[in-house]
Amino acid sequence: MDQPTRYPWNDFPDVLIHASESSVKRHRAYAEAKAGSAEAATELVIELLSSSVLERMWRLFNEQTPVLISIHAEEALGVNAIPEAIARAISGFLKWPLERKVTQANKVSHTGSGGFLRLQRQAIFSGIVAPGLNYVMVDDFIGQGGTLANLRGHLIAHGSRVLGATVLTGKAYSAKLAPTDVQLAELRSKHGHIETWWRQRFGFGFECLTASETRYLSRTATSERIIESLEAVAG
Numbered sequence: 001m002d003q004p005t006r007y008p009w010n011d012f013p014d015v016l017i018h019a020s021e022s023s024v025k026r027h028r029a030y031a032e033a034k035a036g037s038a039e040a041a042t043e044l045v046i047e048l049l050s051s052s053v054l055e056r057m058w059r060l061f062n063e064q065t066p067v068l069i070s071i072h073a074e075e076a077l078g079v080n081a082i083p084e085a086i087a088r089a090i091s092g093f094l095k096w097p098l099e100r101k102v103t104q105a106n107k108v109s110h111t112g113s114g115g116f117l118r119l120q121r122q123a124i125f126s127g128i129v130a131p132g133l134n135y136v137m138v139d140d141f142i143g144q145g146g147t148l149a150n151l152r153g154h155l156i157a158h159g160s161r162v163l164g165a166t167v168l169t170g171k172a173y174s175a176k177l178a179p180t181d182v183q184l185a186e187l188r189s190k191h192g193h194i195e196t197w198w199r200q201r202f203g204f205g206f207e208c209l210t211a212s213e214t215r216y217l218s219r220t221a222t223s224e225r226i227i228e229s230l231e232a233v234a235g
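In this text, residue positions in the sequence shown follow our numbering: the first is 1, and each later residue adds one.
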């Protein structure tokens, strides 16, 4: 299995979310946008992008000369057009440049899937980026946050910084990517004896998990259950 690259989170800021899940998923253009329609994605994004979030992005990142980079992911019905539409719209509003050379190299089909499948099917990224750039990552949805974690790792591995991330929608609790020391301690207290196995399987330790991934694993009754559940979706 190809392994992603991840790094510890340090003081990574919360992901900025533009709209509620209900307003996005009930929008007339959502299904076509998710299936690859650039026109539908533009309609969806223009109507739901938050001016207050754009303002906050400007205040947080503009002085650091940010570059926008979106997730290019293949879904069950086609290539998801929403992340690129978000990045284009933000670029138009804030006049930040776009990076288009990095792409997701595998198909993970996370939409609507369970937690263990998301953990097992790690997104892998390809494409060389110029070192020394400051990126803001863009995606349509945040669940466990693993895809953003792996894109961040790819960018850092090529000598760039990642300032933050923004998504069109997701649950508020998913916005916090960095697990707390308390969350990591709880996970290691319960399942720490499989961390070496985890590192061999996925290429990173528990310190590189997202807060949502950490919480999900901590809530799993036994370590054996974690291993069995991952093996069950490995095929």
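Ideal Cβ positions, reconstructed from N, Cα and C, are used throughout, including at glycine.
The three-state reading of DSSP puts S37 in coil, since its state is none of H, G, I, E or B.
According to DSSP, D139 shares a beta bridge with V167.
By the neighbour-count criterion, in which a residue is buried when 16 or more other Cβ atoms sit within 10 angstroms of its Cβ, Q200 is exposed. Secondary structure of V182 (DSSP, three-state): helix. Per DSSP, R28 has no beta bridge partner at all. T180 has its alpha-carbon roughly 26 Å from the corresponding atom of F125. In this structure, R28 is the residue among R28, E55 and M57 with its C-alpha nearest to the C-alpha of E43. Per DSSP, the unbroken alpha helix (DSSP H) holding I90 starts and ends at I82 to L94. Residue pairing from DSSP places E99 in a beta bridge opposite I69. Note on geometry: alpha-carbon atoms of L60 and H154 lie some 23 Å from one another. The C-beta separation of F12 from L177 comes to about 6 Å, placing the pair in contact by the 8 Å criterion.
L48 and S23 do touch by the CB rule: their CB atoms are close to 6 Å apart, below 8 Å. Under the three-state reduction of DSSP, N134 is assigned to strand. In the structure shown, S50 adopts coil according to DSSP, grouped into three states. Here the stretch 86-99 makes contact with the stretch 126-138; the two share three or more CB pairs at distances below 8 Å. Remark: C-beta atoms of L98 and V233 do not approach each other more closely than 7 Å. In this model, A33 and T169 are separated by some 14 Å (Cα to Cα). Contact check for F206 against L230 fails: the beta carbons are separated by 7 Å or more. Non-local C-beta neighbours of A41 in its own chain, meaning closer than 6 Å and more than five positions away in sequence, comprise A33, A81, I82 and A85, ordered along the chain. DSSP places R161 within a strand segment (E or B) once states are collapsed to three. Segment contact: the stretch 157-175 against the stretch 142-149, three or more CB-CB distances shorter than 8 Å; contact assigned. Measuring C-alpha to C-alpha distances from K107 to each of L119, K95, W198 and A123 identifies A123 as the nearest. In the same chain as I227, and ignoring 5 residues on each side of it, the C-beta atoms closer than 8 Å to its own belong to I194 and W197, in chain order. Across the structure, K25 and N62 are spaced so that their CA atoms are roughly 30 Å apart. Beta-bridge analysis with DSSP links F125 to Q104.
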